[in-house]
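**Student:** Its first residue numbered 362, the sequence shown is counted upward by one per residue in our numbering. The C-beta atom is built at its ideal place from N, Cα and C for all residues, glycine as well.
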Amino acid sequence: MMIKKNPVRTLLSIAGILLAMTFSISPAQAQSCPSDAICRYEDTPGNYSDNGPYDYDSYTMPLFSTPGGATVYHPTDAAPPYSLIVFTPPYTGTQVMYRDWGPFFASHGIVLVTMDSRTIYDSVDSRADQQQEVLDAMKDENTRYGSALRGKLDTGRFGATGWSMGGGATWITSAEYSGLKTAMSFAGHNMTAIDSDASGRNTHIPTILFNGALDTTYLGGLGQSDGVYDSIPYGVPKLFYEASNAGHFAWGGPTDANRYVGQLALAFQKTFLDGDTRWAPYLDRPPLYVATFESAHVP
Numbered sequence: 362m363m364i365k366k367n368p369v370r371t372l373l374s375i376a377g378i379l380l381a382m383t384f385s386i387s388p389a390q391a392q393s394c395p396s397d398a399i400c401r402y403e404d405t406p407g408n409y410s411d412n413g414p415y416d417y418d419s420y421t422m423p424l425f426s427t428p429g430g431a432t433v434y435h436p437t438d439a440a441p442p443y444s445l446i447v448f449t450p451p452y453t454g455t456q457v458m459y460r461d462w463g464p465f466f467a468s469h470g471i472v473l474v475t476m477d478s479r480t481i482y483d484s485v486d487s488r489a490d491q492q493q494e495v496l497d498a499m500k501d502e503n504t505r506y507g508s509a510l511r512g513k514l515d516t517g518r519f520g521a522t523g524w525s526m527g528g529g530a531t532w533i534t535s536a537e538y539s540g541l542k543t544a545m546s547f548a549g550h551n552m553t554a555i556d557s558d559a560s561g562r563n564t565h566i567p568t569i570l571f572n573g574a575l576d577t578t579y580l581g582g583l584g585q586s587d588g589v590y591d592s593i594p595y596g597v598p599k600l601f602y603e604a605s606n607a608g609h610f611a612w613g614g615p616t617d618a619n620r621y622v623g624q625l626a627l628a629f630q631k632t633f634l635d636g637d638t639r640w641a642p643y644l645d646r647p648p649l650y651v652a653t654f655e656s657a658h659v660p
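#1: Using 8 Å as the Cβ pair cut-off and three pairs as the minimum, do the stretch 465-482 and the stretch 434-446 touch?
#2: Compute the beta-carbon to beta-carbon distance between A509 and Y420, rounded to the nearest angstrom, for a pair I have assumed lies under 8 Å.
#3: Would you call the stretch 486-502 and the stretch 545-552 in contact, with 3 or more CB pairs under 8 Å?
#4: Pick from E537, T638 and T522: whose alpha carbon is nearest that of C394?
#5: Report yes if the C-beta distance between S484 and P428 is below 8 Å; otherwise report no.
#6: Residues in the same chain with beta-carbon distance under 8 Å from P642, minus the five sequence neighbours each way, listed in chain order, please.
#7: Decide if T578 is buried, meaning its Cβ has at least 16 other Cβ atoms within 10 Å, or exposed.
#8: Whose C-beta lies closer than 6 Å to the C-beta of A618 among residues of the same chain, with five residues either side of it excluded?
#9: Do the CB positions of S426 and T616 come within less than 8 Å of each other?
#10: Could you please give me the residues that DSSP links to M422 through a beta bridge?
#11: Can you give me the C-alpha to C-alpha distance between L625 and L424, rounded to a whole angstrom?
#12: Could you check whether Q630 and I399 sit closer than 8 Å to each other, using their CB atoms as the reference points?
#13: Please return the same chain residues whose Cβ sits closer than 7 Å to the Cβ of Y621, not counting the five positions on each side in sequence.
#14: Just how far apart, CA to CA, sit Y506 and L514?
#15: Would the beta-carbon of I644 fall within 8 Å of that of T632?
#16: Please identify the residue among S557, N412, E655 and Y452 whose C-alpha is closest to the C-alpha of A536.
#17: What residues are listed by DSSP as bridge partners for P436?
#18: Do G561 and S539 count as a contact pair if the criterion is CB distance below 8 Å?
#19: Note the first and the last residue of the continuous beta strand (DSSP E) segment covering S444.
#20: Report all residues from its chain with a CB closer than 7 Å to the CB of Y417; omit the five preceding and five following residues, and keep chain order.
#21: Among L541, S656, Y459 and G582, which residue has its Cα nearest to the Cα of G596?
#22: Kindly provide the ranges of any beta strand (DSSP E) runs that are 3 or more residues long and lie completely inside the stretch 470-550, ordered along the chain.
#23: By alpha-carbon positions, which one of G430, A439 and D397 ends up nearest to G413?
#24: Among A574, D404 and T475, which one has its Cα closest to the Cα of V495?
#25: Could you pull the start and end residues of the beta strand (DSSP E) that L583 belongs to?
#26: Hey, T453 and Y482 are a contact pair by Cβ (cut 8 Å); roughly how many whole angstroms apart?
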């Protein structure tokens, strides 16, 4: 007896096989992605400190839309929606100092915005206000006619990051900006901050802190990152990596201090910003260059 095959079912089966081959989707991967997360199977979870699988582009934000100007690095061939991070500069610093973070995150499917402060001498508190202005501007960018990101941003998945005074600003923003998903600091500085939220005690979002054991001055040393980590309330996911080989000026890109910085930064943002918990196993202690490594409530 001849068994007739359903041609539609056959075509669907073939399409499913081809899709799985193209994107290397395993049943385990498909089941482990939370339903409300941003998961992209071209960017396989792992330890990465180099650029990812996506092409990227950048553009300058319209004049006067941000306090000191900003540049948006975004993927061009990853399926939207995209999460987004705003990076705030150190004292006397400008965007050029940390622009390498833009292509890194954009090529892994996450929009990164580098910003300048209104003046290079602005205080920690002023930088926090400006960081929050840029976050607001990027929400508007999702609806601005002519924006390369119009309709492509998940405005519920925004994060903040910063270096030195920009790190202190990020600690303030992490406590004050409604709906923020993640905070990430590099050699954070809060000794000159006035706002008590710079202490970390009112932070209730997942936070990762990087610091260098060779950073021993008021710029980012003297236990500032340690103190914030300890002050973040119980139950909040947090991670602190103090690199034994890094000083205050080693944070301009994902490999400037060592490759583990980029690896942890990406895995953290994928896990908590995108919600793709397949990346959580890569938030582990680096095998080298560790002065301090602590984490709590990390999956």
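**Tutor:** Quick answer:
#1: A contact exists between the stretch 465-482 and the stretch 434-446.
#2: By one-based count along the sequence shown, residue 509 stands at place 148. By one-based count along the sequence shown, residue 420 stands at place 59. About 6 Å; that satisfies the 8 Å criterion.
#3: Cβ pair count under 8 Å is below three, so no.
#4: Against the sequence shown, residue 394 aligns to sequence position 33. Scanning E537, T638 and T522 for the CA closest to the CA of C394 turns up T638.
#5: As a first step, residue 484 must be located in the sequence shown, where it is residue number 123. As a first step, residue 428 must be located in the sequence shown, where it is residue number 67. Taking 8 Å as the cut-off, the Cβ atoms of S484 and P428 do not count as close.
#6: On the sequence shown, position 281 is the one that residue 642 refers to. Only P406 meet the Cβ criterion.
#7: Numbered from 1 along the sequence shown, position 217 holds the residue referred to as residue 578. It counts as exposed.
#8: On the sequence shown, position 257 is the one that residue 618 refers to. Answer for A618: A604, A607 and A611, listed in chain order.
#9: By 1-based counting over the sequence shown, the position of residue 426 is 65. By 1-based counting over the sequence shown, the position of residue 616 is 255. No, Cβ-Cβ distance for S426 and T616 is not below 8 Å.
#10: Counting from 1 along the sequence shown, the entry for residue 422 is found at position 61. By DSSP's assignment, M422 forms no beta bridge with any residue.
#11: Locating residue 625 in the sequence shown gives position 264, counting from the first residue. Locating residue 424 in the sequence shown gives position 63, counting from the first residue. One C-alpha to the other measures close to 34 Å.
#12: Here the question's residue 399 lines up with position 38 in the sequence shown. Here the question's residue 630 lines up with position 269 in the sequence shown. Going by C-beta atoms, I399 is not nearer than 8 Å to Q630.
#13: In the sequence shown, counting from the first residue as 1, residue 621 sits at position 260. Closer than 7 Å at Cβ, skipping near neighbours: P647 and Y650.
#14: For the purposes of this step, residue 506 is taken as the residue at position 145 of the sequence shown. For the purposes of this step, residue 514 is taken as the residue at position 153 of the sequence shown. Roughly 14 Å between the two C-alpha positions.
#15: Translated into positions along the sequence shown, residue 644 becomes position 283. Translated into positions along the sequence shown, residue 632 becomes position 271. One point to set straight first is that residue 644 is Leu, not Ile, in the sequence displayed. Against a cut-off of 8 Å, the Cβ pair of T632 and L644 comes out as a contact.
#16: For the purposes of this step, residue 536 is identified with residue 175 of the sequence shown, where counting begins at 1. When only C-alpha atoms are compared, the closest one is S557.
#17: Counting from 1 along the sequence shown, the entry for residue 436 is found at position 75. Under DSSP, P436 shares a beta bridge with Y417.
#18: As a position in the sequence shown, residue 539 is number 178, starting the count at 1. As a position in the sequence shown, residue 561 is number 200, starting the count at 1. No, Cβ-Cβ distance for S539 and G561 is not below 8 Å.
#19: Along the sequence shown, read from residue 1 onward, the residue named residue 444 stands at position 83. Start and end: Y443 to T449.
#20: Looking up residue 417 in the sequence shown gives position 56. If we look at Y417 and ignore the five residues flanking it on each side, its Cβ neighbours are Y434, H435, P436, T437, P464, A467 and S468.
#21: Counted from its first residue, the sequence shown places residue 596 at position 235. Checking every option, the nearest Cα to that of G596 belongs to S656.
#22: Counting whole runs of 3 or more residues, the stretch 470-550 contains the beta strand (DSSP E) stretches 472-476, 514-524 and 543-547.
#23: The count along the sequence shown starts at 1 and reaches residue 413 at position 52. For G413, the closest C-alpha among the options G430, A439 and D397 is that of A439.
#24: Position 134 of the sequence shown, counting from 1, holds the residue named residue 495. Checking every option, the nearest Cα to that of V495 belongs to T475.
#25: For the purposes of this step, residue 583 is taken as the residue at position 222 of the sequence shown. Bounds of any beta strand (DSSP E) do not take in L583, whose DSSP letter is neither H nor E.
#26: Residue mapping note: residue 453 aligns to position 92 of the sequence shown, counting from 1. Residue mapping note: residue 482 aligns to position 121 of the sequence shown, counting from 1. So it is a contact: roughly 7 Å between Cβ atoms.
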